[in-house]
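Asker: One structure, pasted below without further comment.
Numbering (this note's numbering), first residue to last: 25 to 229.
Structure (C-alpha cells):
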C-alpha cells in the first residue's frame, strides 16, 4: 500500500526534474518561463494528492494470506497486471523521464553555440549530466521490477507450486531491493557526478 504511494510520488518527482531541466535549457523563452519554484511546488502537491487517491483501493483490496500480502480481487489484479506495473510504474515514467532528458541534453549541446556566459553553460551542462545519469539509473532499477511484478500476476504464482513460488520470491526479493535504491539513488549519483554538489554537501555538513 505505502510502496504504491511512495513509488508514484517518487516517480513523479523524477519525471518533473527531467521536464524542468528541459524547460530551463530550452531556446524558447515561453518554455523557460515554466521552470519556476512555484510551478514545481504546485505539481508536487498535485502528484501527492493524486497518489494518495490512487492508493485508496490498495487499502481495500490488499489481503494477508499465508504470511504474505497480495491482491486477490480479480478486477484489482487485472488493473495491477495490465496498467499499474507495466504503464503507471513502468513504461510511462521511463518514457517521460527519458524523453525530456534526451531533449535537455540536445538543448545543452545547442547552448554551446549561443552567446551565453561560460558559467551558465557550465552549470547547465552539469545539471543536465546529473539528471541524465539519474534517469539511466532509474530505467535500470525500475524496468526489471515492473517486469517481475507483471510476471507474478500473469503467471498466477502461488504456494501450490512451492519450488516455483520460492524461486519467484527470491528473484522478487532481489529485484525489489534494487528497485528500492531508487529512493536514495539521487543523492549518491549527484555526489558522484557533480563537484558543485559535493562542495555544497561539505558546506552544509
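Glycine included, every Cβ here is placed at the ideal spot set by N, Cα and C.
Starting from the Cα of residue 209, find the closest Cα among 80, 37 and 81 and give me that residue.
Answerer: Counting from one through the chain shown, the residue named residue 209 turns up at place 185. Nearest of 80, 37 and 81 to residue 209, Cα basis: 37.
Asker: Among residues of its own chain, excluding the 5 on either side of residue 196, which ones have a beta-carbon nearer than 7 Å to its beta-carbon?
Answerer: Along the chain shown, read from residue 1 onward, the residue named residue 196 stands at position 172. So the qualifying residues of the chain are 172 and 176.
Asker: Identify which residue in 66, 62, 43 and 65 has its Cα closest to the Cα of residue 55.
Answerer: Walking along the chain shown from the start, residue 55 turns up at place 31. For residue 55, the nearest C-alpha among the options comes from 43.
Asker: Considering residue 203, what are the terminal residues of the alpha helix (DSSP H) in which it resides?
Answerer: Working through the chain shown from its first residue, we reach residue 203 at position 179. Note, residue 203: alpha helix (DSSP H), 186–204.
Asker: Would you give the residue range spanned by the alpha helix (DSSP H) that residue 21 belongs to?
Answerer: The shown model of the chain, from 25 to 229, leaves out residue 21, and the question about it has no answer.
Asker: Just confirm the distance between the C-beta atoms of residue 45 and residue 151, as a whole number of angstroms; I'd bet it's less than 8 Å.
Answerer: The residue given as residue 45 occupies position 21 in the chain shown. The residue given as residue 151 occupies position 127 in the chain shown. Correct: roughly 6 Å between the Cβ atoms.
Asker: Would you call the CB atoms of residue 218 and residue 163 closer than 9 Å?
Answerer: Reading the chain shown from its first residue, position 194 is the one you call residue 218. Reading the chain shown from its first residue, position 139 is the one you call residue 163. Result no, Cβ atoms of residue 218 and residue 163 do not sit closer than 9 Å.
Asker: Less than 9 Å between the C-beta atoms of residue 32 and residue 101, yes or no?
Answerer: Taking the chain shown and counting its residues from 1, the one referred to as residue 32 is at position 8. Taking the chain shown and counting its residues from 1, the one referred to as residue 101 is at position 77. Against a cut-off of 9 Å, the Cβ pair of residue 101 and residue 32 comes out as no contact.
Asker: Is residue 57 helix, strand or coil when you go by DSSP?
Answerer: Start at 1 with the first residue of the chain shown, and residue 57 comes out as number 33. DSSP places residue 57 in coil when its eight states are reduced to three.
Asker: My understanding is that residue 170 touches residue 113, with C-beta atoms under 8 Å, so please give their C-beta distance in whole angstroms.
Answerer: Along the chain shown, one-based indexing puts residue 170 at 146. Along the chain shown, one-based indexing puts residue 113 at 89. Taking 8 Å as the upper bound for CB-CB distance, residue 170 and residue 113 are in contact here, some 6 Å apart.
Asker: Would you kindly work out how many angstroms separate the C-alpha atoms of residue 237 and residue 178, rounded to a whole number?
Answerer: A question about residue 237 goes unanswered here, because the residues of the chain that appear run from 25 up to 229.
Asker: Using only CA atoms, which one of 59, 212, 200 and 203 lies nearest to residue 157?
Answerer: Taking the chain shown and counting its residues from 1, one reaches residue 157 at position 133. Comparing Cα positions, the closest option is 212.
Asker: Among 49, 80 and 40, which residue has its Cα nearest to the Cα of residue 71?
Answerer: In the chain shown, the residue the question calls residue 71 occupies position 47. The candidate whose alpha carbon is nearest that of residue 71 is 40.
Asker: For the alpha helix (DSSP H) that contains residue 107, what are its first and last residues?
Answerer: By one-based count along the chain shown, residue 107 stands at place 83. Run containing residue 107: none; DSSP gives neither H nor E here.
Asker: Using a Cβ-Cβ distance cut-off of 9 Å, determine whether residue 62 contacts chain C.
Answerer: Judged by its chain identifiers, the structure shown contains no chain C, having just a single protein chain.
Asker: Let me know if residue 61 comes out buried or exposed under the rule of 16 or more other beta-carbons within 10 Å of its beta-carbon.
Answerer: Taking the chain shown and counting its residues from 1, the one referred to as residue 61 is at position 37. By the 10 Å Cβ count, residue 61 comes out exposed.
Asker: Taking residue 96 and residue 154 to be in contact with their CB atoms under 8 Å, please state how far apart those CB atoms are, rounded to whole angstroms.
Answerer: Here the question's residue 96 lines up with position 72 in the chain shown. Here the question's residue 154 lines up with position 130 in the chain shown. Contact flag wrong, Cβ pair sits at about 42 Å.
Asker: Between which two residues does the alpha helix (DSSP H) holding residue 226 run?
Answerer: Locating residue 226 in the chain shown gives position 202, where the first residue counts as 1. That run of the alpha helix (DSSP H) goes 219–228.
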